[in-house]
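Position one of the sequence shown corresponds to residue 1071 (the numbering used here), numbered consecutively onward. Don't be surprised by glycine CBs; every beta carbon is placed ideally from N, CA and C. Owing to the predicted nature of the structure, the values given are computational and were not obtained by experimental measurement.
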Amino acid sequence: MKLYNPTPVTSAVSFAGLIERIEILRSTLRWSSRLERPDIEKLLKQATTLRDEVMGLSHKERFVAAASAAGEAEVEEAVVEPVEMSARERRQALMERSFIFEGTFGDNPKLLEALEIAEKAAPTDLPVLIDGESGTGKELMAKVIHANGLRNDKPFISVNCGAIPDSLLESELFGHKKGAFTGAANDRRGKFESAHTGTIFLDEIGELPLTGQVKLLRVLEAHEIQRVGSDEVIAVDTRIVAATNKDLRRMSQEGTFREDLFYRLSVIHVTLPALRERRDEIPLLVAYFGDEAAGQLKRRPLKLTPRLRDFLLHYEYPGNIRELRNLMYRLSCLAGDTADFVHLPQDIRPRPAGLQAVAAAGGKATVTDLSTATSLSEAKRAASDEAERAFLERGLQEVGGTVAELARRFDMNRSHIQMLLKKHGIHSKDFRNNRQADGK
Ligand SMILES: Nc1ncnc2c1ncn2[C@@H]1O[C@H](COP(=O)(O)OP(=O)(O)OP(=O)(O)O)[C@@H](O)[C@H]1O
Ligand SMILES: [Mg+2]
């Protein structure tokens, strides 16, 4: 049986396509009635092994490579001809130099550049500032830097500067002496001491209040701290990696972040790209996280309806990779065999085509749009319409798209339900696969 074309696969999309084909093969085999069960099991096992191999290959291929051998490239060459190396060659070079970045996906040029900078910065003690939108992998990158550094067997201590109340920040970072303030019942060491000889990751550094910024500057300059309420000076040897989703340069120009601290923290500055800047990688990420979720949830890999796949490939992902990953876990958890719009969170779920058409029809609309309601009564009617639609979708989901069963379950007239479905542009057949897969 020919499962796939053995020509080397080079692009993310091809990998995703290949994995999809293997998934189709696996599900076809699973339900095949012509083969004996042992043969089905055998072929399924082979397909699973092949899938795992492709995932492994995809993982390895995509996430490593490099500009030129570290330090060997002339600066001029790197500046003048950076585009000469393909993403594949850059990854390959990183891999050959044993740079560890397990779990960091992508061959977007900006991401590769960030990885190449991280590779060079990792074995030094220079402070690194990582910026990027929420969910772009800043913490992951901080861990990559730590893992590839000389301190990798020492502690990696993470502090979320945005989550600590101002009054506790100093004690949290530098520790306190017993009795230093109300509630300080014992001596306590802070995060900097815990991270001694290792790395401290200062997350959301842009949230650090100005008083904390002054203290931090002192640690960076003198490599020593003082616990709150103590005169004793303690030397700390800690590598600092900071992250932010704010524009610290602008903040320092505006006076909300100390400029001297900004320059000290950003000796090495790494910027991670938003997912919308690397859209071509979305298919692979959908396949990868779908697979990862299936593994974790111990279920069959999820299938997506064409319209949901299309949505996932074109969605903006304001929460970046974290949002995509969470979405795939959510879909895998909530859907049966096949996921559809109904399994998306309500706030990002596209409105059914019929409903949009009705809304677009202006005055003739039988369904009112809550976001454009111009009076209280219209808003009430819109809210009622939305509740009606959600009720119908959930009901259809539960009964696997069978209108007759829905009518029985809720003691409603079948033709009334049909009329409501038409009003909302809902197609009961869109809900049919789910029930079969749920095994309800
Ligand atoms: N390049 C990547 N490849 C694979 N997974 C990634 C990548 N970047 C991020 N992730 C995953 O996305 C999730 C969010 O990553 P992370 O916590 O590092 O983001 P962040 O930038 O620190 O987010 P926030 O600003 O919200 O704290 C994690 O589950 C992480 O493993
Ligand atoms: Mg983070």
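Say yes only if the C-beta of residue i is nearer than 6 angstroms to one or more non-hydrogen atoms of ligand 2, and no if none qualify.
{"i": "aspartate 1273", "result": "yes"}
{"i": "threonine 1209", "result": "Looking at the sequence itself, residue 1209 is glutamate, so the reference to threonine does not match. Because some heavy atom of ligand 2 lies under 6 angstroms away, the Cβ of glutamate 1209 counts as near it: yes."}
Just to confirm, does residue i get its C-beta within under 6 angstroms of one of the non-hydrogen atoms of ligand 1?
{"i": "isoleucine 1391", "result": "yes"}
{"i": "phenylalanine 1226", "result": "no"}
{"i": "glycine 1176", "result": "yes"}
{"i": "glycine 1205", "result": "yes"}
{"i": "arginine 1016", "result": "This structure cannot speak to residue 1016, because the chain is shown only from 1071 to 1510."}
{"i": "asparagine 1315", "result": "yes"}
Note the first and the last residue of the continuous alpha helix (DSSP H) segment covering residue i.
{"i": "valine 1356", "result": "1352-1367"}
{"i": "histidine 1486", "result": "1484-1494"}
{"i": "valine 1469", "result": "1446-1469"}
{"i": "valine 1289", "result": "1280-1292"}
{"i": "phenylalanine 1262", "result": "1261-1264"}
{"i": "serine 1241", "result": "1236-1244"}
{"i": "phenylalanine 1513", "result": "Only positions 1071 to 1510 of the chain appear in the structure, and residue 1513 is not among them; the question remains open."}
Using the C-alpha atoms, what's the distance from residue j back to residue i?
{"i": "threonine 1341", "j": "phenylalanine 1332", "result": "15 angstroms"}
{"i": "glutamate 1475", "j": "glutamate 1183", "result": "56 angstroms"}
{"i": "arginine 1369", "j": "alanine 1313", "result": "36 angstroms"}
{"i": "phenylalanine 1501", "j": "leucine 1466", "result": "6 angstroms"}
{"i": "alanine 1457", "j": "glutamate 1463", "result": "10 angstroms"}
{"i": "valine 1214", "j": "glycine 1253", "result": "37 angstroms"}
{"i": "methionine 1165", "j": "leucine 1185", "result": "11 angstroms"}
{"i": "arginine 1297", "j": "arginine 1288", "result": "13 angstroms"}
{"i": "leucine 1490", "j": "leucine 1446", "result": "23 angstroms"}
{"i": "isoleucine 1295", "j": "asparagine 1256", "result": "18 angstroms"}
{"i": "asparagine 1396", "j": "isoleucine 1304", "result": "42 angstroms"}
{"i": "methionine 1211", "j": "isoleucine 1487", "result": "52 angstroms"}
So, is residue i buried or exposed, given that buried needs 16 or more other C-beta atoms within 10 angstroms?
{"i": "glutamine 1323", "result": "exposed"}
{"i": "glutamate 1274", "result": "buried"}
{"i": "aspartate 1380", "result": "exposed"}
{"i": "phenylalanine 1262", "result": "buried"}
{"i": "arginine 1328", "result": "buried"}
{"i": "glycine 1325", "result": "exposed"}
{"i": "serine 1498", "result": "buried"}
{"i": "threonine 1206", "result": "buried"}
{"i": "histidine 1494", "result": "buried"}
{"i": "arginine 1161", "result": "buried"}
{"i": "histidine 1246", "result": "buried"}
{"i": "threonine 1267", "result": "exposed"}
{"i": "glycine 1219", "result": "buried"}
Would you give the residue range spanned by the beta strand (DSSP E) that residue i belongs to?
{"i": "aspartate 1273", "result": "1269-1273"}
{"i": "valine 1303", "result": "Here valine 1303 belongs to no beta strand (DSSP E), and DSSP marks it neither H nor E."}
{"i": "aspartate 1201", "result": "1198-1201"}
{"i": "phenylalanine 1226", "result": "1226-1230"}
{"i": "isoleucine 1338", "result": "1338-1341"}
Discussion item. Is it the case that the segment 1381-1396 contacts the segment 1342-1355, given that we only count it when at least three CB pairs across the two stretches are under 8 angstroms?
Written reply: Counting C-beta pairs with one atom in each stretch, the segment 1342-1355 and the segment 1381-1396 have three or more that are closer than 8 angstroms, which means they touch.
Discussion item. Check whether the segment 1234-1247 and the segment 1212-1226 touch, using three or more Cβ-Cβ pairs below 8 angstroms as the test.
Written reply: Short answer: they don't touch.
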